[in-house]
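2 protein chains.
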Amino acid sequence: MAIANRKERQKEELKASILEAARTLFIERGYEETSIRNIAERIEYSPTTIYLYFKDKDDIFYALHREGFVLLNQYFRSLQEVEDPFERLKAITKAYIRFALENREYYDLMFISRSPMSALEDSDNEKWEEGDRAFAALTTTIHQCLERGYFKGMDPQVLSFTCWSMVHGICALEIRGRCKVVPDELLDGLSNRVGMMIVDMLERMHGKKPV
Amino acid sequence: MAIANRKERQKEELKASILEAARTLFIERGYEETSIRNIAERIEYSPTTIYLYFKDKDDIFYALHREGFVLLNQYFRSLQEVEDPFERLKAITKAYIRFALENREYYDLMFISRSPMSALEDSDNEKWEEGDRAFAALTTTIHQCLERGYFKGMDPQVLSFTCWSMVHGICALEIRGRCKVVPDELLDGLSNRVGMMIVDMLERMHGKKPV
DNA sequence: ACTGTTAAGTTTACACCGTTAAGTTACTTA
DNA sequence: TAAGTAACTTAACGGTGTAAACTTAACAGT
Numbered sequence: 000m001a002i003a004n005r006k007e008r009q010k011e012e013l014k015a016s017i018l019e020a021a022r023t024l025f026i027e028r029g030y031e032e033t034s035i036r037n038i039a040e041r042i043e044y045s046p047t048t049i050y051l052y053f054k055d056k057d058d059i060f061y062a063l064h065r066e067g068f069v070l071l072n073q074y075f076r077s078l079q080e081v082e083d084p085f086e087r088l089k090a091i092t093k094a095y096i097r098f099a100l101e102n103r104e105y106y107d108l109m110f111i112s113r114s115p116m117s118a119l120e121d122s123d124n125e126k127w128e129e130g131d132r133a134f135a136a137l138t139t140t141i142h143q144c145l146e147r148g149y150f151k152g153m154d155p156q157v158l159s160f161t162c163w164s165m166v167h168g169i170c171a172l173e174i175r176g177r178c179k180v181v182p183d184e185l186l187d188g189l190s191n192r193v194g195m196m197i198v199d200m201l202e203r204m205h206g207k208k209p210v
Numbered sequence: 000m001a002i003a004n005r006k007e008r009q010k011e012e013l014k015a016s017i018l019e020a021a022r023t024l025f026i027e028r029g030y031e032e033t034s035i036r037n038i039a040e041r042i043e044y045s046p047t048t049i050y051l052y053f054k055d056k057d058d059i060f061y062a063l064h065r066e067g068f069v070l071l072n073q074y075f076r077s078l079q080e081v082e083d084p085f086e087r088l089k090a091i092t093k094a095y096i097r098f099a100l101e102n103r104e105y106y107d108l109m110f111i112s113r114s115p116m117s118a119l120e121d122s123d124n125e126k127w128e129e130g131d132r133a134f135a136a137l138t139t140t141i142h143q144c145l146e147r148g149y150f151k152g153m154d155p156q157v158l159s160f161t162c163w164s165m166v167h168g169i170c171a172l173e174i175r176g177r178c179k180v181v182p183d184e185l186l187d188g189l190s191n192r193v194g195m196m197i198v199d200m201l202e203r204m205h206g207k208k209p210v
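Sequence lines, in order, name chains A and B. Position one of the first sequence corresponds to residue 0 (this note's numbering), numbered consecutively onward. Position one of the second sequence corresponds to residue 0 (this note's numbering), numbered consecutively onward.
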């Protein structure tokens with residue numbers, strides 16, 4: 000019994016160390032530059048051993064994908080305390096951009112990369128809690144904004160998606176190196192300035208605080 | 000002399016046919032799924048021949064990248080006739096999204112993919128005309144909007160980039176399959192609805208037409 | 001007309017990649 | 001102690017981008 004326990008524990012340890020190696024390499028080199036063989040070398044096992052613990056490369060990165068959402072939710076956590084929903088919406092916008100810039104490879108994997116998306120579709124309606132939680136932080140805030148008279152007449156679901164799109168836009172352009180078209184002196188801190196401008200736009204939409 | 004001409008012509012023909020094969024494969028399978036060997040097979044040459052005409056894989060796709068911007072400018076062409084700059088801005092927004100949805104692989108290559116960006120940086124200050132032209136369509140329109148009293152107090156450059164970000168957001172989420180988080184009944188035509196909402200937001204920013 | 005040179009294309013090869021099948025240990029249980 | 005099995009490795013397949021060496025054919029100059 001005790002032996003079986005130890006074995007179980009060791010299996011989990013190895014699985015965890017595969018994931019740790021994958022994470023380290025991934026964060027400093029990105030998805031495509033991280034190979035199964037790299038990961039194996041790092042933990043001093045043969046490449047094929049990894050397949051005893053993960054179905055394929057996507058399966059590993061799907062695990063990191065989920066980690067990313069846990070991390071994103073940490074950025075959102077404290078914001079639930081902001082009482083005014085419109086203020087909270089603004090805070091979410093900023094936190095989202097901060098998350099993206101501070102965790103570029105995670106962001107890439109979560110929202111840009113093609114990669115572990117098939118894995119997500121396979122595991123289908125198996126909850127996917129953390130992703131829903133992150134999106135819910137936005138949608139409930141939007142709903143509350145509408146209740147308080149902001150964004151009159153707009154569909155909450157489309158609006159939620161629109162807000163997401165707007166912030167995703169800068170993050171994706173920044174992370175995938177499309178900001179360089181802009182003059183050099185503007186480049187520094189551009190993403191944050193765009194974020195501020197989005198917030199500014201949201202505010203301008205209602206001349207003064209409604210209700 | 001005539002012989003040299005024929006040879007020159009044939010070289011250009013082969014280069015063009017490489018590009019044509021690359022384009023066909025690329026449009027139906029995407030960048031990563033299109034290999035040098037595929038392209039070579041399609042034109043019935045050995046893979047290494049391609050390296051006599053293009054520096055590397057990125058060099059081929061950089062050519063397609065440029066093609067994409069020519070195509071985008073075609074979508075923008077007729078819009079220059081819209082006299083009112085704010086109306087033109089709205090039209091550009093819609094045209095941009097239409098371009099993205101109708102030319103997904105091109106859009107991906109131009110604005111999402113990591114791939115031929117290094118080639119772009121190498122060819123550095125060698126004009127990059129079509130890209131500038133597309134961005135200029137937006138920036139001059141924004142400038143004119145400001146002249147007519149729209150977007151008071153906003154920085155035109157940051158604003159241009161912000162507008163681009165907003166529309167890029169939907170396009171990127173759509174093309175990279177991140178819209179599926181949304182309930183099924185909302186999914187159909189979501190990108191266009193988001194586009195309309197962005198336009199709606201721009202309009203709401205100034206209660207009534209300024210000036 | 002013969003010969004040396006060069007351009008154009010191919011063959012071969014290198015170093016990777018993800019992944020599978022077959023083989024080898026080393027430990028555990030009967 | 002023998003058998004069985006879980007854990008891991010070796011070898012291999014078919015793919016990738018790319019470079020070096022080789023072949024072939026056409027041309028230019030004497």
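Beta carbons: idealized from backbone N, C-alpha and C, even for Gly.
Handout entry: Alpha carbon of alanine 118(B) to alpha carbon of aspartate 83(A), nearest angstrom
Key = Rounded to whole angstroms, alanine 118(B) to aspartate 83(A) spans 47 Å at the Cα level.
*asked:* Contact between the region 132-148 of chain B and the region 197-207 of chain A is defined here as three or more beta-carbon pairs at a separation below 8 Å; is this criterion met?
replied: Under the Cβ criterion (8 Å, minimum of three pairs), the region 132-148 of chain B does not count as touching the region 197-207 of chain A.
Look up serine 211(A) in the DSSP assignment and say whether it is helix, strand or coil. The shown model of chain A, from 0 to 210, leaves out residue 211(A), and the question about it has no answer.
Checklist entry - Which of the residues in the region 187-200 of chain A, read from start to end, lie with their CB under 8 Å from any CB of chain B? => result The residues in question are Leu189, Arg192, Val193, Met196, Ile197, Asp199 and Met200.
- Message: Just to make sure I have the definition right: I need the residues of chain A whose C-beta is within less than 9 Å of the C-beta of glutamate 110(B). Which are they?
- Response: First, the amino acid is wrong: residue 110(B) is phenylalanine here, not glutamate. Under the 9 Å cutoff, chain A gives Ala171, Leu172, Arg175 and Arg177.
Task: Any 3 or more C-beta pairs closer than 8 Å across the region 72-83 of chain A and the region 22-36 of chain A - done: No, they do not touch.
#### Entry: Whole-Å CB distance - isoleucine 111(B) paired with isoleucine 174(B), under 8 Å assumed
Between isoleucine 111(B) and isoleucine 174(B) a beta carbon distance of about 7 Å is seen, short of the 8 Å cut, so the two are scored as contacting.
On the DSSP letters alone, give me the boundaries of the alpha helix (DSSP H) that threonine 33(A) sits inside. Per DSSP, threonine 33(A) lies in no alpha helix (DSSP H) segment and is marked neither H nor E.
With a threshold of 7 Å on Cβ separation, who are the neighbours of phenylalanine 68(A) within its own chain once the five nearest residues in sequence on each side are excluded?
Cβ within range, chain order: Met109, Glu129, Gly130 and Ala133.
- Inspect the CB distances between the region 156-174 of chain B and the region 175-189 of chain A and report whether three or more fall short of 8 Å. The region 156-174 of chain B vs the region 175-189 of chain A: in contact.
Sequence-distant residues of the same chain with beta carbon closer than 7 Å to proline 46(A), five excluded per side: Result list for proline 46(A): Ile35, Arg36 and Ala39, in chain order.
Which residue's Cα is closest to the Cα of arginine 41(B): Tyr52(B), Glu32(B), Leu51(B) and Ile17(B)?
Considering only alpha carbons, the answer is Ile17(B).
Could you have a look at lysine 81(B) and say whether DSSP puts it in helix, strand or coil? In the sequence under discussion, the amino acid at residue 81(B) is valine, which differs from the lysine named in the question. In the structure shown, valine 81(B) sits in coil (DSSP, three-state: anything other than H, G, I, E or B).
Quiz item: Between which two residues does the alpha helix (DSSP H) containing proline 155(B) stretch?
Solution: Looking at the DSSP string, the run of the alpha helix (DSSP H) that includes proline 155(B) is 155-174.
Task: Length of the line joining the Cα atoms of lysine 89(A) and isoleucine 96(B) - done: Near 26 Å, if we compare the C-alpha coordinates of isoleucine 96(B) and lysine 89(A).
- request: With 7 Å as the limit, tell me which residues of the region 48-79 of chain B have their beta carbon closer than that to any beta carbon of chain A; keep them in chain order.
  value: Taking a C-beta cut-off of 7 Å against chain A, none of the residues of the region 48-79 of chain B qualify.
**OP:** Quick one: measure Cβ to Cβ for alanine 21(A) and leucine 63(A), integer angstroms, because I've assumed they're closer than 8 Å.
**Re:** Yes, alanine 21(A) and leucine 63(A) are in contact; Cβ-Cβ is about 7 Å, under 8 Å.
Query raised in the report: Are any of the Cβ atoms in chain A nearer than 8 Å to that of glycine 130(B)?
Result: So yes, glycine 130(B) belongs to the interface.
**Request:** Compute the distance between the beta-carbons of valine 157(A) and valine 193(B), then report whether it is under 8 Å.
**Result:** Contact: yes.
### Query
Quick one, which of Glu11(A), Glu120(A), Met153(A) and His142(A) has its alpha-carbon nearest phenylalanine 53(A)'s?
Closest option to phenylalanine 53(A), Cα to Cα, is Glu11(A).
Is it the case that the Cβ atoms of alanine 171(A) and alanine 171(B) are separated by a distance below 8 Å? Yes, they are a contact pair.
**OP:** Give the residues of chain B in contact with arginine 8(A), contact being defined as C-beta atoms less than 7 Å apart.
**Re:** Residues of chain B whose Cβ lies closer than 7 Å to the Cβ of arginine 8(A) do not exist, since the nearest Cβ in that chain is about 36 Å away.
_Quick check on DSSP: helix, strand or coil for glycine 29(A)?_
The answer is coil: DSSP assigns glycine 29(A) none of H, G, I, E or B.
Subject >> Per-residue contacts from glutamine 156(A) into chain B (C-beta, under 8 Å) >> reply: Neighbours of glutamine 156(A) on chain B, chain order: Val181, Pro182 and Leu185.
Just the C-alpha distance for aspartate 154(A) and lysine 126(A), rounded to the nearest angstrom, thanks.
-> Their backbone Cα atoms lie some 25 Å apart in a straight line.
**Asked** Considering only residues of the same chain and omitting the five flanking positions on each side of leucine 78(B), which have a CB-CB separation below 8 Å?
**Response** Correct list, in chain order: Arg87, Ala90, Ile91, Ala94 and Ala136.
Q) Can you name, in chain order, every residue of its own chain whose Cβ lies under 6 Å from the Cβ of histidine 142(B), other than the five neighbours on each side? A) Excluding sequence positions up to five before and after histidine 142(B), its CB lies within less than 6 Å of the CB of Pro155, all in the same chain and listed in chain order.
- Looking at the structure shown, is phenylalanine 53(A) part of a helix, part of a strand, or coil, going by DSSP? In the structure shown, phenylalanine 53(A) sits in coil (DSSP, three-state: anything other than H, G, I, E or B).
Self-check item: Whole-angstrom C-beta distance between proline 115(B) and phenylalanine 150(B), which should lie under 8 Å
Solution: Their Cβ separation, rounded to whole angstroms, is 33 Å, which puts phenylalanine 150(B) and proline 115(B) out of contact at 8 Å.
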